[in-house]
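Going by my numbering, the sequence shown opens with residue 11, and the numbers climb by one from there.
Virtual Cβ for every residue (Gly too), placed ideally from N, Cα, C.
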Amino acid sequence: MPFPATRLRRLRSTPVLRDLVRETRLSPSDLVLPLFVQSGLGLTRPREPVDSMPGVDRLSISAAVEEAGAAHALGLPAVLLFGIPDHKDAAGSGAYDDDGIVQLATRAIKDAHPDLLVMTDVCLCEYTDHGHCGLLGPGGTVENDSSVELIARTAVSHARAGADVVAPSDMMDGRVGAIRAALDDEGFYDVPIVAYSAKFASAFYGPFREAAGSTPAFGDRRAYQMDPANGDEAVREALLDVGEGADVVMVKPALAYLDVIRRVKDATRMPVAAYNVSGEYAMVKAGAAAGALDERAVVLESLTSIRRAGADIIISYHAKDAALWLQT
Ligand code: PBG
11 MPFPATRLRR
21 LRSTPVLRDL
31 VRETRLSPSD
41 LVLPLFVQSG
51 LGLTRPREPV
61 DSMPGVDRLS
71 ISAAVEEAGA
81 AHALGLPAVL
91 LFGIPDHKDA
101 AGSGAYDDDG
111 IVQLATRAIK
121 DAHPDLLVMT
131 DVCLCEYTDH
141 GHCGLLGPGG
151 TVENDSSVEL
161 IARTAVSHAR
171 AGADVVAPSD
181 MMDGRVGAIR
191 AALDDEGFYD
201 VPIVAYSAKF
211 ASAFYGPFRE
221 AAGSTPAFGD
231 RRAYQMDPAN
241 GDEAVREALL
251 DVGEGADVVM
261 VKPALAYLDV
271 IRRVKDATRM
281 PVAAYNVSGE
291 YAMVKAGAAA
301 GALDERAVVL
311 ESLTSIRRAG
321 ADIIISYHAK
331 DAALWLQT
């Protein structure tokens, strides 16, 4: 029925009506907070600010326990751990050291907050002296199959430390299957894999690389992370990971890739995670600091848009702020 019988404004006329017909809901229970845990920080210096990410610190283990507790108290279901080791080498051995920084932090957080899910980022780039996500072969190329072995070892080491969920972010081919087999071999049948399935070679990771000290010493990640121009390929990546045993598939970054989130959701019908990355966070913070943006409104609108695109889970540095705003 055309105008004047149809008036879409009718259902927008009061807050109650708008709430009644709202299609997408955002709740603290959708949000995951990333944490950077750094070896060598301690009692005298528990936190070290990340300059390009106002409000985000690198944390000592006890500061991470405290931050995880604060996240839990705000209703966030999970944290995602990244480690910054004091020692880096060619083989990224700190990643699969049972006493590595993520392993120690996982044990400490699970001891203090057993009901909070601990997800761990599984990758070598924070642990290699060259900053790439795998082992280097001849000519400086990142070797796939030998890297996958170490990545699977890293995932098992995290599970042994008590990680509830492992999240491989390296983008090597076949790593989800290798991780699933390695976890099952050790009896970790029930540890889910959240696969960074469609991870793009993005300029939006800049602040993260400052935070984690993981900028590649040479070259870039375009030989393993995806070309930002490709959507069909993102769907293929996600379907392959589902076939290899992924329990959740992820699209990363989020805001410049909302179409990819929708396509991956429609193609897989799996739980989909989206990573609202460091550069997206830094832009909002800079805009708010300049007085150009209302931070609270922009954050809640952005996170709602990521949910509307099809994400079930959002990993975001805004998670604590958003949880607080959603309660008030
Ligand atoms: C590690 C990893 C990166 C991010 C998450 N895991 C960086 C990269 O691939 O260079 C980026 C997260 C962010 O920007 O917030 N492979």
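beta-carbon residue i near the ligand PBG non-hydrogen atom, thresh 7 Å
i, result
"VAL287", "yes"
"ARG231", "yes"
"TYR137", "no"
"ASP99", "no"
"TYR106", "no"
"PHE228", "no"
"SER224", "yes"
"SER179", "yes"
"TYR215", "yes"
"ALA218", "Checking the sequence shown, residue 218 turns out to be Phe, not Ala. Correct: PHE218 has its Cβ closer than 7 Å to the ligand PBG."
"VAL131", "Note on identity: in this sequence residue 131 is Asp, with Val being the wrong assignment. Yes - the ligand PBG has a heavy atom lying nearer than 7 Å to the Cβ of ASP131."
8 Å CB neighbourhood of residue i in its chain, flanking five on each side removed
i, result
"VAL287", "SER212, PHE214, TYR215, PHE218, LYS262, PRO263 and ALA264"
"GLN113", "ASP107, SER167, HIS168, ARG170 and ALA171"
"VAL308", "VAL294, GLY297 and ALA298"
"ASP304", "ALA298"
"ARG57", "LEU51, ASP67, ARG68, LEU69, SER70 and ALA73"
"ARG306", "ASP331 and TRP335"
"ALA100", "THR138, ASP139, HIS140, LEU145 and LEU146"
"ASP61", "GLU220"
"THR225", "GLY141 and ARG219"
Contact belief for residue i with residue j at Cβ below 8 Å, rounded distance in angstroms
i, j, result
"LEU27", "LEU21", "5 Å"
"ALA333", "LEU69", "Contact flag wrong, Cβ pair sits at about 18 Å."
"VAL89", "LEU160", "About 24 Å; that fails the 8 Å criterion."
"MET129", "ASP174", "7 Å"
"VAL270", "GLY241", "6 Å"
"GLY150", "GLY79", "Actually they do not touch by this definition, with Cβ atoms about 43 Å apart."
"VAL245", "ILE203", "Actually they do not touch by this definition, with Cβ atoms about 19 Å apart."
"SER326", "LEU313", "7 Å"
"THR116", "LEU91", "6 Å"
"ARG317", "ASP40", "7 Å"
Same chain, Cβ closer than 6 Å to residue i, five either side skipped, listed in chain order
i, result
"PHE198", "ALA169"
"LEU336", "PRO38"
"ARG185", "VAL158, ILE161 and PRO178"
"PRO281", "VAL258 and ASP322"
"GLY110", "GLY104"
"GLY102", "LEU134, TYR137 and THR138"
For residue j and residue i, the rounded distance between their alpha carbons
i, j, result
"GLY253", "LYS98", "34 Å"
"HIS123", "VAL42", "15 Å"
"ALA15", "ALA284", "40 Å"
"ASP237", "ARG231", "10 Å"
"CYS143", "ALA205", "15 Å"
"LEU30", "ALA118", "43 Å"
"ALA81", "ALA222", "21 Å"
"ALA248", "PRO59", "35 Å"
"ASP67", "ARG17", "49 Å"
"VAL258", "PHE13", "44 Å"
"MET63", "ARG19", "40 Å"
"LYS209", "MET260", "8 Å"
"ILE94", "LYS120", "19 Å"
"HIS328", "TYR291", "7 Å"
"GLN48", "TYR137", "12 Å"
"LEU127", "MET11", "50 Å"
"THR164", "CYS135", "12 Å"
"ASP276", "CYS133", "28 Å"
"SER207", "GLY255", "12 Å"
Minimum Cβ-Cβ distance from residue i to chain D less than 8 Å
i, result
"ARG190", "The structure shown has no chain D; it contains just one protein chain."
Cβ-based neighbour list, residue i, same chain, cut-off 7 Å, excluding 5 preceding and 5 following
i, result
"MET182", "GLY144, ASN154, SER157, VAL158, ILE161 and TYR234"
"LEU193", "ALA165, VAL166, ALA169 and VAL201"
"ARG279", "none"
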